[in-house]
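The sequence shown begins at 17 in our numbering and counts up by one. We put the CB at the ideal spot given by N, CA and C, even for glycine.
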Amino acid sequence: MRLTRLVKLRGDASTRAYYRAHIAGAEAGLPTQIIVMQLPEDAFGSDEGGARPELARLPFLEVAELLASRGLPVPRIYGEDLQNGIILIEDLGDTTLEQRLRGTPRSSWSELYERAVDLLAELHERCCSLPDDSIVRRRQFDRELLGWELDHFREWGIEAVFGELENGQGAVLDRAFASIVSEIAAMPLGFVHRDYQSKNLMLGPSGGLTIIDFQDALLGPRVYDLVALLCDSYVALDLELQESMIERYAALRRIDPMMLRREFWLVALHRKLKDAGRFVFIDRVRGNPDFLRWYPQSLVYVGRAIDQTQGFAALGALLAAVIPGYPDAVSAPSSSRE
Numbered sequence: 017m018r019l020t021r022l023v024k025l026r027g028d029a030s031t032r033a034y035y036r037a038h039i040a041g042a043e044a045g046l047p048t049q050i051i052v053m054q055l056p057e058d059a060f061g062s063d064e065g066g067a068r069p070e071l072a073r074l075p076f077l078e079v080a081e082l083l084a085s086r087g088l089p090v091p092r093i094y095g096e097d098l099q100n101g102i103i104l105i106e107d108l109g110d111t112t113l114e115q116r117l118r119g120t121p122r123s124s125w126s127e128l129y130e131r132a133v134d135l136l137a138e139l140h141e142r143c144c145s146l147p148d149d150s151i152v153r154r155r156q157f158d159r160e161l162l163g164w165e166l167d168h169f170r171e172w173g174i175e176a177v178f179g180e181l182e183n184g185q186g187a188v189l190d191r192a193f194a195s196i197v198s199e200i201a202a203m204p205l206g207f208v209h210r211d212y213q214s215k216n217l218m219l220g221p222s223g224g225l226t227i228i229d230f231q232d233a234l235l236g237p238r239v240y241d242l243v244a245l246l247c248d249s250y251v252a253l254d255l256e257l258q259e260s261m262i263e264r265y266a267a268l269r270r271i272d273p274m275m276l277r278r279e280f281w282l283v284a285l286h287r288k289l290k291d292a293g294r295f296v297f298i299d300r301v302r303g304n305p306d307f308l309r310w311y312p313q314s315l316v317y318v319g320r321a322i323d324q325t326q327g328f329a330a331l332g333a334l335l336a337a338v339i340p341g342y343p344d345a346v347s348a349p350s351s352s353r354e
């Protein structure tokens, strides 16, 4: 196999790089182009926070093997050279669910989301039991990680943009964060992809979905992936569609819909606060301003989550006091590169 015409693909928020490689002299039945994944120096770490257990195998490869063994649609792996930080994977094309949504009338979005929710329910059903030594079991959304992500929002989503909080405001934030962490930490656990959202679902020619970017999978709140999908900062979903998909998932998983709904909006509050902070961090620390434009939509979802969840009116009032335009008319922060 000889790789030719390497073309670098537009990156995302990760530290990995991707290239499309054309293959000269491919044997019959083999692909004529593949994706080359170039790993960062710290390939065994995660781009997100969390505990770092000692690992014998690269998380991407282990999770890919796990999902494939359960009959789930993930990219094929054609080869690996970990010494040089390279993995060769199946080329799934360029059409993500996000791209398809942008070219589809909103009246037809429900059908696309039904497919994504159905696949998610299947993913969770097939991964409800895991090997004892699985990397997924060895990483977990514990109190430390949940708290770290909320502090990430305080540091980057508020203070890096609007300055330090005034006297008393920090205490309001502390109380709200402690309540969020305590309730989420008590929720039922399950397999969590961690970023099951429109950018990480590839659409094939026949409309089938393939899951990518699963290397950070861990144990966490069973509703976490549903939140990532339906409160996706890259797509503005209306409440009616969100609620109908929550009910659909609850029926597929045989979960009390009222219980799931409470879990959903509380995890949505946590996740969207974290995302807002993360987008500023990616600009300020990694020098990539591309995600700042999604900061406002993250806060739209924060406001909606507070409206749907009792007990966080004080948090909403604080955010309205420190973030101009919160929740529905927030401007994207300026880039550190401007």
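Can you tell me whether DSSP reads residue i as helix, strand or coil?
{"i": "Ile228", "result": "coil"}
{"i": "Val52", "result": "strand"}
{"i": "Pro237", "result": "strand"}
{"i": "Leu148", "result": "For the record, residue 148 in the displayed sequence is Asp; it is not Leu. In the structure shown, Asp148 sits in coil (DSSP, three-state: anything other than H, G, I, E or B)."}
{"i": "Gly14", "result": "Outside the displayed range of the chain (17 to 354) lies residue 14, so it cannot be described from this structure."}
{"i": "His209", "result": "coil"}
{"i": "Arg36", "result": "strand"}
{"i": "Gln326", "result": "coil"}
{"i": "Val251", "result": "coil"}
{"i": "Val243", "result": "helix"}
{"i": "Val90", "result": "coil"}
{"i": "Glu256", "result": "helix"}
{"i": "Val188", "result": "helix"}
{"i": "Glu171", "result": "helix"}
{"i": "Val301", "result": "coil"}
How should residue i be labelled, buried or exposed, when 16 other C-beta atoms within 10 angstroms of its C-beta is the threshold for buried?
{"i": "Ala72", "result": "exposed"}
{"i": "Gly327", "result": "exposed"}
{"i": "Glu290", "result": "It should be noted that the sequence gives Lys, not Glu, for residue 290. Buried, because 16 or more other Cβ atoms sit within 10 Å of the Cβ of Lys290."}
{"i": "Asp148", "result": "exposed"}
{"i": "Met366", "result": "This structure cannot settle anything about residue 366, because the visible part of the chain is limited to 17 through 354."}
{"i": "Asp344", "result": "exposed"}
{"i": "Asp254", "result": "exposed"}
{"i": "Gly332", "result": "buried"}
{"i": "Met53", "result": "buried"}
{"i": "Gln349", "result": "Going by the sequence as given, residue 349 is Pro instead of Gln. Flag for Pro349 reads buried."}
{"i": "Ser249", "result": "buried"}
Would the beta-carbon of residue i fall within 8 Å of that of residue j?
{"i": "Ala233", "j": "Phe207", "result": "yes"}
{"i": "His140", "j": "Gly293", "result": "no"}
{"i": "Val283", "j": "Val243", "result": "yes"}
{"i": "Leu88", "j": "Ile227", "result": "yes"}
{"i": "Ala37", "j": "Leu55", "result": "no"}
{"i": "Ile50", "j": "Leu104", "result": "yes"}
{"i": "Leu257", "j": "Ser145", "result": "no"}
{"i": "Glu96", "j": "Leu77", "result": "yes"}
{"i": "Tyr34", "j": "Leu22", "result": "no"}
{"i": "Pro305", "j": "Ser347", "result": "no"}
{"i": "Leu113", "j": "Ser214", "result": "yes"}
{"i": "Arg118", "j": "Leu128", "result": "no"}
{"i": "Glu279", "j": "Pro237", "result": "yes"}
{"i": "Val338", "j": "Phe193", "result": "no"}
What does residue i pair with, by DSSP beta-bridge criteria?
{"i": "Arg18", "result": "Ala40"}
{"i": "Glu106", "result": "Ile50"}
{"i": "Met218", "result": "Thr112, Thr226"}
{"i": "Gln156", "result": "Leu235"}
{"i": "Lys24", "result": "Tyr35"}
Is the closest heavy atom of the ligand SAM to the C-beta of residue i under 7 Å?
{"i": "Met53", "result": "In the structure shown, the ligand SAM is absent, as is every other ligand, since no ligand is present at all."}
Can you give the beta carbon distance from residue i to residue j, rounded, assuming they're within the 8 Å contact cut?
{"i": "Leu162", "j": "His286", "result": "7 Å"}
{"i": "Val133", "j": "Arg277", "result": "About 14 Å separates the two Cβ atoms, so there is no contact after all."}
{"i": "Asp241", "j": "Leu136", "result": "6 Å"}
{"i": "Leu74", "j": "Arg153", "result": "The Cβ separation is near 17 Å, so there is no contact."}
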